[in-house]
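Visitor:
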Amino acid sequence: MENLNLLKRKLDDMSVSELYEYAKETYPENEELWLGSKKIIIRKILNFERNRLNEEEA
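So for the sequence shown, my numbering puts the first residue at 50; every next one is plus one.
Laid out in structure tokens, this is it:
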């Protein structure tokens with residue numbers, strides 16, 4: 050959970066173009082994560098990472 054907070058802070062500090070490039074480079078297979086307003090992109094990335102963590106724990 051702490052990692053998600055750090056990720057959220059990192060994403061919040063990025064400009065819109067930096068965030069778009071980060072999402073495009075980090076999640077090339079998930080184009081839906083790149084689209085939307087800054088708030089929406091951040092929410093999608095955090096949800097994706099949270100789901101991935103939950104799958105790893107299960």
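Quick reminder that beta carbons are idealized off the backbone N, C-alpha and C, glycines included.
Buried or exposed: which applies to A72, given that a residue is buried once 16 or more other Cβ atoms fall within 10 Å of its Cβ?
Guide: Answer is buried; the Cβ neighbour count reaches 16.
Visitor: If K87 sits next to L68, beta carbons under 8 Å apart, how far is it from one beta carbon to the other, in whole angstroms?
Guide: Right, the Cβ-Cβ distance comes to about 6 Å (below 8 Å), so this counts as a contact.
Visitor: Name the two residues that bound the continuous alpha helix (DSSP H) containing Y69.
Guide: Where Y69 is concerned, the enclosing alpha helix (DSSP H) stretches over 65-75.
Visitor: When DSSP labels each residue in this structure, what does L78 get in the three-state scheme?
Guide: Here residue 78 turns out to be Glu, not Leu, going by the sequence shown. Correct three-state label for E78: coil.
Visitor: Could you give the residue range of the alpha helix (DSSP H) that holds L56?
Guide: From DSSP, the alpha helix (DSSP H) with L56 extends over 51-62.
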